[in-house]
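Numbering (this note's numbering), first residue to last: 21 to 411. Using N, Cα and C, we set each Cβ at its ideal position, and we do this for glycine too. Just below is one structure, and these are the notes that go with it.
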Ligand SMILES: Nc1ncnc2c1ncn2[C@@H]1O[C@H](COP(=O)(O)OP(=O)(O)O)[C@@H](O)[C@H]1O
Ligand SMILES: [Mg+2]
């Protein structure tokens with residue numbers, strides 16, 4: 021086989037004299053694989069090829085890394101029964117720090133011919149990890165990238181892990197004096213060995229409550245529970261996603277408000293976007309998976325939200341405070357409930373929020389004057405300007 025080196029993978033001149041090389045990493049092992057692929061399709065389309073060399077890397081659902089296609093059309097979600105997925109038959113690659121920085125190398129089991137073709141796969145200056153959920157948004161890939169000494173877009177190991185775990189997220193927010201709803205945690209051990217105590221602590225919150233997997237996303241495994249008799253089924257459902265379950269007082273009559281945060285350059289403080297409201301219409305009891313992703317469902321996004329200025333301003337201030345409380349980097353979306361008595365509570369913070377052009381986070385920034393390509397560029401630039409190692 022007379023294979024030619026793949027031009028996407030060749031080492032170029034040093035970064036000072038060439039375009040930065042951005043590896044867009046997507047797919048992954050979580051249930052949000054297809055959503056990640058479609059996001060990657062949008063980012064690959066928006067990223068400025070005049071400024072950056074782009075290397076698309078897919079992670080299969082089994083966790084294998086391959087050199088993927090940069091064709092946005094292949095990655096788009098076009099119908100519910102043809103979801104995009106990373107193609108595991110493509111060239112396997114791995115990230116190392118052989119050169120004292122991030123470098124992509126061909127995996128050992130490649131045939132000698134292919135290995136020659138891709139020898140020295142090339143330096144990576146920044147990774148854009150477009151992964152949602154566990155093994156992506158939770159600090160694990162961030163740890164791998166830290167080990168490889170490569171810069172990456174978004175939150176670091178600690179902020180990603182804390183942001184993924186609704187239990188620790190509340191502990192950190194509360195410790196910073198930020199408002200959250202009362203909650204209790206049901207661990208696997210408690211559920212299996214002392215269910216009475218678990219019931220007691222949930223009952224003392226008062227019903228209705230929301231039952232959620234601690235490290236979930238996309239509303240999967242979440243239920244609203246109206247009375248104690250429904251609790252066991254809801255906890256079992258949440259435990260299908262995570263052995264650790266969070267139970268929280270329901271924000272009855274609360275409005276769902278969201279705000280985007282972007283890290284500032286240098287010593288500038290983070291910026292907050294305009295504030296939006298989500299209204300779920302029809303027969304959904306809350307913003308569940310169907311309301312989030314199925315096109316025929318009716319979910320209204322008001323960007324900006326119809327709120328008095330002081331309330332919107334307070335949402336923005338609390339969002340920046342939450343971003344700083346968790347030591348976030350790059351970006352985050354902070355989600356609130358505005359309660360009928362006008363109190364604001366933070367529901368959660370997402371360190372890698374949905375990122376297609378029609379997702380809430382890009383829409384918040386578009387309405388704040390930063391369009392999708394400019395947003396992608398800002399995130400890459402923030403990552404390129406960051407130090408590697410402890411910071
Ligand atoms: N305490 C609560 N009160 C009212 N609604 C809630 C509460 N917790 C969650 N929800 C509803 O469930 C949705 C998903 O919950 P959330 O905690 O945001 O999990 P996920 O990480 O899956 O997005 C929210 O957008 C909201 O509609
Ligand atoms: Mg949410």
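Would DSSP call residue i helix, strand or coil?
i	result
residue 141	For residue 141, the predicted structure reports a pLDDT of 49, less than 50, and the residue's modelled location is therefore unreliable. A value from the coordinates is still provided. DSSP places residue 141 in coil when its eight states are reduced to three.
residue 325	coil
residue 255	helix
residue 384	helix
residue 225	coil
residue 57	helix
residue 172	strand
residue 178	helix
residue 278	strand
residue 398	helix
residue 297	strand
residue 365	strand
residue 136	Bear in mind that the predicted position of residue 136 carries a pLDDT of just 43, short of 50, making it too unreliable to give a figure here.
Quick one: measure Cβ to Cβ for residue i and residue j, integer angstroms, because I've assumed they're closer than 8 Å.
i	j	result
residue 323	residue 364	At roughly 18 Å, the Cβ-Cβ gap does not stay under 8 Å, so residue 323 and residue 364 are not in contact.
residue 279	residue 384	7 Å
residue 390	residue 285	About 13 Å; that fails the 8 Å criterion.
residue 237	residue 153	5 Å
residue 145	residue 69	About 15 Å separates the two Cβ atoms, so there is no contact after all.
residue 51	residue 155	The pair is not a contact, with the Cβ atoms about 11 Å apart (cut-off 8 Å).
Are residue i and residue j closer than 9 Å when you measure CB to CB?
i	j	result
residue 57	residue 110	no
residue 106	residue 75	no
residue 259	residue 211	yes
residue 244	residue 305	yes
residue 225	residue 269	yes
residue 187	residue 203	yes
residue 48	residue 151	yes
residue 294	residue 354	no
residue 206	residue 265	yes
residue 189	residue 157	no
residue 325	residue 297	yes
residue 371	residue 169	no
residue 272	residue 233	no
residue 373	residue 352	yes
Quick one: what's got a C-beta closer than 6 Å to residue i's C-beta in the same chain, skipping five residues either side?
i	result
residue 33	Confidence at residue 33 is low in this model, with a pLDDT of 47, below 50, so the placement of that residue should be treated as unreliable; the coordinate-derived value is given next. Same-chain partners within the cutoff: there are none.
residue 332	295
residue 196	345
residue 173	148, 350, 399, 403
residue 162	176, 177, 180
residue 318	301, 302
residue 67	74, 396
In chain order, what residues of the same chain lie with their CB nearer than 8 Å to the CB of residue i, ignoring the 5 residues before and after it?
i	result
residue 84	108, 112
residue 406	171, 349
residue 366	193, 198, 199, 200, 338, 342, 354, 355, 356
With a CB to CB cut of under 7 Å and the five nearest residues on each side skipped, what residues in its chain are close to residue i?
i	result
residue 368	186, 189, 355
Touch test, the region 389–396 against the region 57–66, Cβ-Cβ under 8 Å, three pairs minimum: yes
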